[in-house]
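Per numbering that gives the first Met the number 0, the very first residue in the sequence shown carries number 0; after that it's consecutive. For each residue, glycine too, the CB sits at the ideal point set by N, CA and C.
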Amino acid sequence: MCGIIGCVGRADETLDVLVHGLSKLEYRGYDSAGVALADDTVSVAKRSGEIDELRALLDETTIDGAVGIGHTRWSTHGPPTDANAHPHGDCTGDVAVVHNGIIENYQSIRDELVADGHEFASDTDTEVIPHLVEDALADGAEPMAALRRAVDRLEGSYAVAAVVAGTEAVFVARNDSPLVLGLDEGSEPHDESTATGGATRATYLASDVPAFRDYTDRVVYLADGEFARLDAEGWTVTDGDGTPVEKEIDTVAWDAEETGKSGYDHFMLKEIHEQPRALRQCLRGRVDELGAAVDIEDLGDLSPTGVQFVACGTSYHAALYGAQLYRRTGIPAQTFLASEYATAPPPIGDALVVGVTQSGETADTLSALREARHRGARTMAVTNTVGSTAARECDHALYIRAGPEIGVAASKTFASQLAALNLLALGTAPVDRPREAIAGLRDLPGQVQALLDDSRASAVAEQYQDAGAYFFVGRGHQYPVALEGALKMKEITYKHAEGFAAGELKHGPLALVTDDTPVFAVVVGDGEQARKTVGNVKEVEARDAPVVAVTDGRSDVERYADEVLEIPETRPEAAAVLANVQLQLVSYYTAKGLGRSIDKPRNLAKSVTVE
């Protein structure tokens with residue numbers, strides 16, 4: 000969702016830094032982009048459409064300034080037009096603001112400001128902020144104090160960055176929407192590890208690290224309720240009362256090159272092929288196969304008597320899988336859509352509440368976790384992002400270590416979530432035959448690599464890319480994989496796709512099965528679940544539906560399938576990771592054949608930071 004970039008200390012390079020940062024934030028999803036530069040005056044350039052549209056405008060327009068802010072907008076209030084693009088200004092033209100989030104009380108503030116003579120140029124909720132700053136400046140407030148006064152009026156979520164004419168600084172506020180500072184390599188903070196501020200050659204601000212990772216790997220994560228000032232002297236972070244806040248300076252663990260395509264046609268394909276490495280990173284140092292033990296860092300002896308998972312989208316499918324892992328150990332476990340849990344939570348008791356969130360900033364998941372904490376529950380974040388809100392606010396954090404993922408449709412992060420949830424269950428529950436389970440995890444990176452080398456997914460995709468709809472079915476650990484396979488197909492091909500527990504086909508969905516409805520059936524092993532799923536395959540075959548079997552070859556499902564996508568033989572929980580890779584590839588090649596925008600699907604954002 001919307002992206003913010005800011006830069007201080009790069010002099011004549013400021014505009015180039017901003018536009019480069021915006022290009023690195025495209026994966027978050029957007030429909031317009033803009034920049035504002037400031038010194039004695041404020042200059043703004045913005046345009047609906049892609050960043051190339053903004054570049055074309057900048058080629059025709061001269062704007063300059065020593066400091067600047069930029070924004071990619073994902074529409075909430077008002078359609079994607081030039082007027083609604085950020086940055087937004089005040090009546091005087093001396094203030095420019097970019098904003099992520101939603102101002103819930105913007106209409107009442109706007110009505111008040113209009114009554115006082117302010118004129119508005121957009122339909123957005125954001126535009127009330129520069130006008131509130133304008134009023135505070137007119138009353139004699141300094142820019143930082145003016146932003147505080149404006150923010151005090153706001154209800155909702157926001158990450159705000161502002162520039163003011165006559166002040167070569169960027170002013171920042173955060174509440175329920177991520178912001179991170181990037182400190183140039185020349186930064187010399189007051190202390191080796193922590194500081195309330197520091198002298199820098201350049202300081203950056205962004206919604207996400209990739210926006211400035213090409214320039215620095217040293218970061219400071221802002222927390223809710225914090226403010227920051229970035230200027231030529233460095234950076235300062237304060238709380239809501241203006242008291243300096245000591246902040247830890249972290250080092251990003253991945254290289255800038257990891258956010259490039261590395262010769263692949265799309266980020267998604269690159270990230271699918273990065274899954275062996277992502278899995279190794281997730282497992283490294285955490286498993287002792289000889290001792291049949293798992294060490295998941297500093298989580299301590301959790302020993303949950305019950306687990307409630309909360310998540311959204313792909314992470315919800317991972318959470319369904321995680322709940323199955325726990326239930327098989329005898330520990331009650333449930334999975335809830337975070338948006339439902341937050342507004343109507345079930346009885347929690349002494350359950351551990353686990354939020355699965357790739358970004359650690361998913362608004363619905365954060366709300367669910369906060370509700371659980373409010374009710375006295377222990378909470379844990381399973382996330383990819385060190386320093387994220389979920390990681391900071393929860394009692395425990397388990398990092399999946401997948402590395403940066405740029406494609407909007409999750410791929411390697413889902414595989415790493417499944418691996419991390421296996422580690423969590425192995426480390427906190429009485430797992431049957433743990434040595435075998437650990438061995439299954441150990442073999443996954445190599446098995447995924449072998450599958451990537453030999454997959455027939457592109458041929459299968461080409462054969463069925465003109466189908467009217469797609470069904471995905473599985474049982475047990477393969478049911479969440481069926482749901483995820485359908486979601487990937489929807490996200491990047493724009494085709495209708497549905498995932499089902501295989502046994503549910505005959506309870507309604509079978510009415511939709513035709514010879515134009517390929518059914519992807521995930522069948523592993525030769526036990527009862529496999530035999531029953533083969534029976535479901537026979538049902539759709541009898542209705543002339545094409546069948547694509549994703550299988551390890553241990554059942555006889557191949558007899559009833561039109562196409563087969565093979566996976567190596569392994570334990571059922573590990574097989575889910577392998578089957579998912581085949582389905583990811585089918586969706587990718589289907590979307591490519593249809594000419595879709597694979598890395599930036601329409602209407603979707605990488606991180607959903609508003610409810």
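The beta strand (DSSP E) with residue i in it runs from where to where?
i, result
"Glu165", "The sequence shown places Gly at residue 165, not Glu. Gly165 -> no beta strand (DSSP E), and no H or E assigned at all."
"Asn99", "94-102"
"Val306", "306-310"
"Ile68", "66-72"
"Gly181", "179-182"
"Arg217", "217-220"
"Glu461", "From DSSP, Glu461 is part of no beta strand (DSSP E) but of the alpha helix (DSSP H) over 456-463."
"Leu289", "Here Leu289 belongs to no beta strand (DSSP E), and DSSP marks it neither H nor E."
"Leu204", "202-205"
"Phe499", "495-500"
"Phe470", "468-473"
What does a CB cutoff of less than 6 Å around residue i pick up in its chain, not counting 5 residues either side in sequence?
i, result
"Trp253", "Gly402, Pro403"
"Gly239", "Gly224"
"Ala590", "Ile491, Thr492, Ile597"
"Ala545", "It is worth fixing the name first, because residue 545 is Pro in this sequence and not Ala. Here the set comprises Pro517, Asp561."
Find out if the Cβ-Cβ distance for the pair residue i, residue j is shorter than 9 Å.
i, j, result
"Tyr203", "Val16", "yes"
"Thr384", "Ser358", "yes"
"Tyr478", "Gly498", "yes"
"Gly484", "Gln528", "no"
"Gly305", "Gly354", "no"
"His272", "Ile597", "no"
"His373", "Leu298", "no"
"Ile62", "His87", "no"
"Lys518", "Val512", "The sequence as given places Val at residue 518; Lys does not occur at that position. Taking 9 Å as the Cβ cut-off, Val518 and Val512 qualify as a contacting pair."
"Thr412", "Thr313", "yes"
"Val179", "Leu221", "yes"
"Ile566", "Val549", "yes"
"Arg615", "Ala419", "The first residue shown for the chain is 0 and the last is 610, placing residue 615 beyond what the model contains."
"Leu146", "Asn174", "no"
What are the boundary residues of the alpha helix (DSSP H) that includes residue i?
i, result
"Phe611", "Since the first residue of the chain shown is 0 and the last is 610, residue 611 is not available in this structure."
"Ile399", "Careful: Ile399 lies outside any alpha helix (DSSP H) and carries neither H nor E."
"Asp254", "That residue, Asp254, is in no alpha helix (DSSP H); it is neither H nor E in DSSP."
"Asp442", "433-453"
"Leu482", "477-492"
"Val113", "105-114"
I think residue i touches residue j, with their Cβ atoms under 8 Å apart; what is that distance to the nearest whole Å?
i, j, result
"Pro600", "Ile491", "5 Å"
"Gln274", "Ser454", "With 8 Å as the limit, Gln274 and Ser454 do not qualify as a contact, their Cβ atoms being about 12 Å apart."
"Val472", "Asn535", "6 Å"
"Ile405", "Thr258", "6 Å"
"Met488", "Ala496", "4 Å"
"Ile3", "Ser22", "In fact, because the Cβ distance is near 14 Å, the residues do not count as touching under 8 Å."
"Gly77", "Ser121", "6 Å"
"Val150", "Val94", "The pair is not a contact, with the Cβ atoms about 14 Å apart (cut-off 8 Å)."
Take residue i and list the residues in its own chain whose beta-carbon comes closer than 7 Å to its own, dropping the five residues that flank it on each side.
i, result
"Thr13", "Cys6, Leu36, Gly64, Ala65, Val66, Gly67"
"Ile101", "Thr75, Asp124, Gly155, Ser156, Val609"
"Arg434", "Glu288, Ala291"
"Val251", "Val208, Arg212, Asp216, Val218"
"Asp363", "Cys311, Ala337, Ser338, Ala341, Glu610"
"Ile295", "Arg285, Leu397, Leu422, Leu423, Gly426"
"Thr80", "Ser47"
"Asp230", "Val7, Glu167, Ala168"
"Gln446", "Pro567, Thr569, Leu577"
Leaving out five residues on either side along the sequence, give the residues of the same chain with a beta carbon under 8 Å from the beta carbon of residue i.
i, result
"Ala424", "Gly321, Leu324, Tyr325, Thr328, Val430"
"His19", "Asp213"
"Arg441", "Leu282, Val286, Glu288"
Given the structure, does residue i come close to the ligand ADP, in the sense that its CB is under 8 Å from one of the ligand's heavy atoms?
i, result
"Trp253", "What this structure holds is no ligand at all, so the ligand ADP is not there to describe."
Handout entry: Segments of 4+ residues assigned as alpha helix (DSSP H) that fall wholly inside the segment 116-177
Key = 127-137, 142-151
Practice task
Ignoring anything shorter than 4 residues or poking outside the segment 5-54, list the alpha helix (DSSP H) runs there in chain order.
Solution key: 13-23
Handout entry: Length-filtered (4 minimum) alpha helix (DSSP H) runs lying within the segment 304-388
Key = 312-326, 337-342, 362-373
Exercise for the section: Pick out the complete beta strand (DSSP E) segments inside the segment 543-607, 3 residues or longer, and give them in chain order. Expected result: 546-550, 562-565
Practice task
Could I get the ranges of all uninterrupted alpha helix (DSSP H) runs contained in the segment 517-547, with 4 residues as the minimum, in chain order?
Solution key: 527-540
Handout entry: Segments assigned beta strand (DSSP E), at least 3 residues, entirely inside the segment 222-283
Key = 226-230, 233-237
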